[in-house]
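Heads up: the structure comes next, in structure tokens.
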Amino acid sequence: MMLLGFIDNFVPMIAEDIGLWQFHATRAMFVLIGLVPLSLWLGWRLRAIRLWAVATRSLLTATAMVLYFGAVASLPIAEVAAGLFTSPIFVLLIGWGALGHSVGPIRILAVAIGFLGVLLVLKPDASGLTLLSLLPVLAGLFWGCGALATRELCKDETPIALLAGFFLTLGLIGIGGLIWFALLGQETVPQRDGFFGTGWQPFTMRAIWLVLAQAVVSGTGVGLLIKAYQLAEASHVTVFEYSFLVSAGVWAYILYRQIPDTLALVGIVLIAIAGILIVLRGGTSEPVRAAAGDAR
Numbered sequence: 000m001m002l003l004g005f006i007d008n009f010v011p012m013i014a015e016d017i018g019l020w021q022f023h024a025t026r027a028m029f030v031l032i033g034l035v036p037l038s039l040w041l042g043w044r045l046r047a048i049r050l051w052a053v054a055t056r057s058l059l060t061a062t063a064m065v066l067y068f069g070a071v072a073s074l075p076i077a078e079v080a081a082g083l084f085t086s087p088i089f090v091l092l093i094g095w096g097a098l099g100h101s102v103g104p105i106r107i108l109a110v111a112i113g114f115l116g117v118l119l120v121l122k123p124d125a126s127g128l129t130l131l132s133l134l135p136v137l138a139g140l141f142w143g144c145g146a147l148a149t150r151e152l153c154k155d156e157t158p159i160a161l162l163a164g165f166f167l168t169l170g171l172i173g174i175g176g177l178i179w180f181a182l183l184g185q186e187t188v189p190q191r192d193g194f195f196g197t198g199w200q201p202f203t204m205r206a207i208w209l210v211l212a213q214a215v216v217s218g219t220g221v222g223l224l225i226k227a228y229q230l231a232e233a234s235h236v237t238v239f240e241y242s243f244l245v246s247a248g249v250w251a252y253i254l255y256r257q258i259p260d261t262l263a264l265v266g267i268v269l270i271a272i273a274g275i276l277i278v279l280r281g282g283t284s285e286p287v288r289a290a291a292g293d294a295r
């Protein structure tokens, strides 16, 4: 989450030069060009054990990221991030209602505290709610479903196989979006409807370097996150995704000298308390440890 919090600070710069679909298609290409030969060289297992499970998980998480990044250009970043971080609520509800997971009162309280911390950090404005405003919440829903799919369907898969599936799916979605805009004759319309509604744009050198950096750093961060979901219960790991806000805030200060206000600092403390409560209330079970196994 520290890596993702750092690299996402540069997404607004990328959005000034290219669109969402071009970003995902190009970033996925960079990741896969590096990941495939590296995996062959080091002997990492790229092949999925259950292709349908990896495909399902990849589609869920990729859809979440498309909605999240697509909304960033059109909505306040606070509203978008707050919507994405509703994913723990969906994880708990789906895990309890559909999968029969046991969720104790302390974990429910911990997720509530963590979410309250997010609200204090982001201070989202609930006024003026529109259909577009639901996109971040939908991203949270799909991200939560993807987290559960990682744990329930893909616990025997290697993180490298899941990482490749995730970026391959994002790349295919990006290519599909570019083809759609090309068919509409809008491939050269800059920022027609923000990041979400922009077709193919001529690359700038800045865009190339920033997308390459996104590929390397986010690829590493997502790979570590996948491994975390394989090692522990989804509702456990999800709480620690709140540390993204801490990381993003620290890097925002380093890069832009942005200092959190009092409410934001209180929110960061609440996020830390939520994580500690989850750690104290449970750990990784032995069956999950055995299922995760070696990453290669």
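Take the sequence shown: its letters are residues 0 to 295, numbered as in numbering that gives the first Met the number 0.
Virtual Cβ for every residue (Gly too), placed ideally from N, Cα, C.
Collapsing the DSSP output to three states places residue 144 in a helix. Burial state of residue 84 is buried, judged by a 10 Å Cβ sphere holding 16 or more other Cβ atoms. If you draw a straight line from the Cα of residue 174 to the Cα of residue 69, it is about 15 Å long. At the C-beta level, residue 225 and residue 45 stay beyond 7 Å of one another. Between residue 142 and residue 47, the gap from beta carbon to beta carbon reaches 7 Å or more.
By the Cβ criterion, the stretch 90 to 106 is not in contact with the stretch 204 to 212, since fewer than three pairs of Cβ atoms, one from each stretch, lie closer than 8 Å. With a beta-carbon spacing of about 12 Å, residue 37 and residue 219 fall beyond the 8 Å limit used to define contacts. Residue 18 places its beta carbon 7 Å or farther from that of residue 157.
By the Cβ criterion, the stretch 259 to 270 is in contact with the stretch 109 to 117, since at least three pairs of Cβ atoms, one from each stretch, lie closer than 8 Å. A Cβ-Cβ separation of about 4 Å places residue 53 in contact with residue 164 under the 8 Å criterion.
Look at residue 244 here: in three-state DSSP terms it is helix.
Taking a contact as a CB-CB distance under 8 Å, the pair residue 148 and residue 264 does not count as one, their CB atoms being some 35 Å apart. Taking C-alpha positions only, residue 105 is separated from residue 182 by approximately 53 Å. No Cβ-Cβ contact shorter than 7 Å links residue 217 with residue 0. Inclusion of residue 65 and residue 178 in the CB contact set at 7 Å is not warranted, their separation being larger than that value. Comparing C-alpha distances from residue 102 to each of 112, 210, 90 shows the shortest one belongs to 90.
Rounded to the nearest angstrom, the gap between the Cα atoms of residue 111 and residue 235 is 13 Å.
In this structure, DSSP gives residue 226 a helical state, which the three-state scheme calls helix.
By the neighbour-count definition (other C-beta atoms within 10 Å, threshold 16), residue 260 is an exposed residue. Here the alpha carbon of residue 246 sits roughly 27 Å from the alpha carbon of residue 168. In this structure, residue 14 lies away from residue 67, with their beta-carbon atoms at least 7 Å apart. Classified as exposed, residue 256 has fewer than 16 neighbouring CB atoms from the shown chains inside 10 Å of its CB. Annotation: residue 6 to residue 222 spans about 15 Å, alpha carbon to alpha carbon.
DSSP, reduced to helix, strand and coil, places residue 221 within a helical segment of the structure shown. When 228, 22, 162 are compared, the shortest CA-CA separation from residue 43 is found for 162.
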